[in-house]
Ligand code: PSV
Ligand code: MN
């Protein structure tokens with residue numbers, strides 16, 4: 036299914052008057068709205084190929100209907116999202132869940148939908164049917180050099196796929212670790228992992244980056260070999276200038292101060308990528324902004340402040356991606372909600388009076404500091420985000436149009452009721 040541009044225009048026309056009223060009020064209360072709008076228009080959030088099907092838990096998976104059956108259909112799905120919001124202009128592939136077999140055709144299809152290829156992701160956390168050695172006791176950390184070699188070679192193969200598609204970064208997330216005390220020598224595991232990552236690093240093309248993603252727990256429950264930002268940063272620093280830390284919001288212990296982590300990583304020039312999601316308890320894979328929208332805003336405030344301090348381009352300096360795939364919502368509707376929540380938090384962060392905040396901090400005026408942040412957070416920026424969409428040719432209300440156009444029903448007609456997308 037493809038969404039014709041005239042359908043979007045028609046929809047926007049129907050809602051134009053109401054939008055104009057709301058936008059004019061919102062714009063009248065802010066300075067430099069034009070600058071904010073441009074930043075919102077430029078900001079693109081990558082969609083992972085594994086989030087287009089219904090996710091499962093270890094207790095089961097209740098597949099949705101009309102899910103994409105192939106990489107081509109996944110690209111088509113991201114194309115639908117991008118047509119509706121013009122903010123989802125990239126797709127991130129997980130190998131081997133999605134192996135492109137005709138690069139030229141895959142690239143052409145993506146380009147037709149206005150999509151680029153974001154970071155490619157390796158997978159050494161599952162055994163594949165044709166795989167020689169098992170990752171049951173880890174991959175890059177493994178005590179057996181042959182297993183480590185296999186993991187390294189897999190990553191190099193993923194880079195090769197990425198090069199063909201025009202991607203320029205590799206994300207490595209390792210499930211390596213241990214579930215019982217004594218199972219692993221921590222130093223040995225670190226050294227093996229570092230050596231393996233160094234081999235992957237050596238295979239990176241000159242203009243590529245590698246992102247080292249950390250996670251506090253799961254699937255290992257006693258230690259993770261890349262368990263937190265400190266460990267990730269250690270690897271990244273030892274690897275070299277092309278290596279960065281990747282922050283996934285769901286990968287922290289409860290109540291971790293992610294905004295502080297982000298701030299310090301940016302200060303060190305070592306924040307490379309970002310995975311958005313939300314959680315109540317752990318890595319819950321919930322829709323971004325559905326549980327802790329204020330935290331999301333505070334993170335964006337640190338991001339904007341930290342990127343501006345280094346003169347970084349908000350849209351292009353970091354790899355922004357959603358990483359969530361749960362089991363009860365329509366995945367496309369869920370992604371539209373996530374993108375909307377990200378744009379809202381970003382817009383609110385752009386409203387923060389950073390100068391006034393710095394002055395209040397200098398004066399230890401704690402109350403004023405809070406007022407300044409909350410002034411921005413409590414501003415209804417939805418009309419500003421909608422105006423950015425209007426200017427970039429997207430729908431004023433993507434989710435509403437998705438439902439009005441019966442996108443899922445159309446996809447079910449095309450693909451069938453019982454289709455299961457590859458992924459977790
Ligand atoms: C692991 O929990 C993770 O966040 C990594 O980014 C994986 O690549 C992704 O989820 C899918 O399993
Ligand atoms: Mn992730």
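Residue numbers (this note's numbering): 36 to 459.
Note that beta-carbon positions come from the ideal geometry of N, C-alpha and C, so glycine has one too.
Values in this document were obtained by computation on a predicted structure and should not be read as measured data.
- Task: Measure the C-alpha to C-alpha separation of residue 288 and residue 317 and round it to an integer number of angstroms.
- Result: 7 Å
- Does the distance from the CB of residue 356 to the CB of residue 349 come in under 7 Å? no
- Query: Bridge partners of residue 244, per DSSP?
  - Reply: 204
- Query: Rounded to a whole number of angstroms, what is the C-alpha to C-alpha distance between residue 84 and residue 128?
  - Reply: 5 Å
- Message: Considering only the alpha carbon of each residue, which of 327, 115, 270, 277 lies closest to residue 446?
- Response: 115
- Item | Cα-Cα separation, residue 199 to residue 146 | 14 Å
- Give the straight-line distance between the Cα atoms of residue 377 and residue 181, rounded to the nearest whole angstrom. 42 Å
- Can you tell me whether DSSP reads residue 117 as helix, strand or coil? helix
- Query: Under the DSSP definition of a beta bridge, which residues are partnered with residue 155?
  - Reply: 205
- Message: So if I measure from each beta-carbon to every heavy atom of the ligand MN and keep distances below 7 Å, which residues remain?
- Response: 208, 248, 283, 286, 310, 358
- Message: Just to check my reading of the structure: residue 203 and residue 174 have Cβ atoms closer than 8 Å, yes? What is that Cβ distance to the nearest angstrom?
- Response: The pair is not a contact, with the Cβ atoms about 24 Å apart (cut-off 8 Å).
- Could you tell me if the beta carbon of residue 312 falls within a distance shorter than 6 Å of some heavy atom in the ligand PSV? no
- Identified DSSP bridge partners for residue 279: 246
- For the beta strand (DSSP E) holding residue 309, just list the boundary residues, first then last. 306 to 311
- Within 6 Å: the Cβ of residue 220 and any heavy atom of the ligand PSV? no
- Can you tell me which of the three DSSP states residue 293 falls into? helix
- Task: Specify the secondary structure class of residue 321 as computed by DSSP and reduced to three states.
- Result: strand
- Tell me which same chain residues have a C-beta within less than 7 Å of the C-beta of residue 112, skipping the five on either side of it? 87, 103, 367
- Check whether the Cβ atoms of residue 190 and residue 235 lie closer than 7 Å to each other. yes
- Task: In angstroms with no decimal places, state the Cα-to-Cα distance between residue 282 and residue 310.
- Result: 6 Å
- alpha helix (DSSP H) containing residue 101: first to last residue? Where residue 101 is concerned, there is no enclosing alpha helix (DSSP H), given that its DSSP letter is neither H nor E.
- Task: Starting from residue 356, trace the beta strand (DSSP E) both ways and give me its first and last residue.
- Result: 354 to 357
- Query: Would you call the stretch 68 to 81 and the stretch 434 to 449 in contact, with 3 or more CB pairs under 8 Å?
  - Reply: no
- Message: Quick check: is any heavy atom of the ligand PSV less than 6 Å from the C-beta of residue 190?
- Response: no
- Message: On the CB-based measure, 16 or more other CB atoms within 10 Å of its CB, does residue 141 come out buried or exposed?
- Response: buried
- Task: Assign residue 177 to one of three DSSP states: helix, strand, or coil.
- Result: coil
- If we ignore side chains and look at the alpha-carbon of each, how far apart do residue 161 and residue 170 end up? 7 Å
- Query: If you count every other CB in all the chains shown that lies within 10 Å of the CB of residue 273, and 16 or more means buried, which is it?
  - Reply: exposed
- Task: Could you spell out the range, first to last residue, of the beta strand (DSSP E) harbouring residue 90?
- Result: Counting along the chain, residue 90 falls outside any beta strand (DSSP E), and DSSP gives it neither H nor E.
- Identified DSSP bridge partners for residue 259: 212
- Based on Cα-Cα distance, which residue from 208, 396, 315, 321 lies nearest to residue 359? 321
- Task: Alpha carbon to alpha carbon, how far is residue 420 from residue 379? Give it in angstroms, no decimals.
- Result: 7 Å
- Message: Does the distance between the C-beta of residue 156 and the nearest non-hydrogen atom of the ligand PSV fall short of 6 Å?
- Response: yes
- Task: Using only alpha-carbon positions, find the residue among 392, 330, 417 that is nearest to residue 372.
- Result: 417
- Check residue 129 in the structure and name its three-state DSSP category. strand
- Task: Sort out for me which residues DSSP pairs residue 418 with in a bridge.
- Result: In DSSP, residue 418 forms no bridge with anything.
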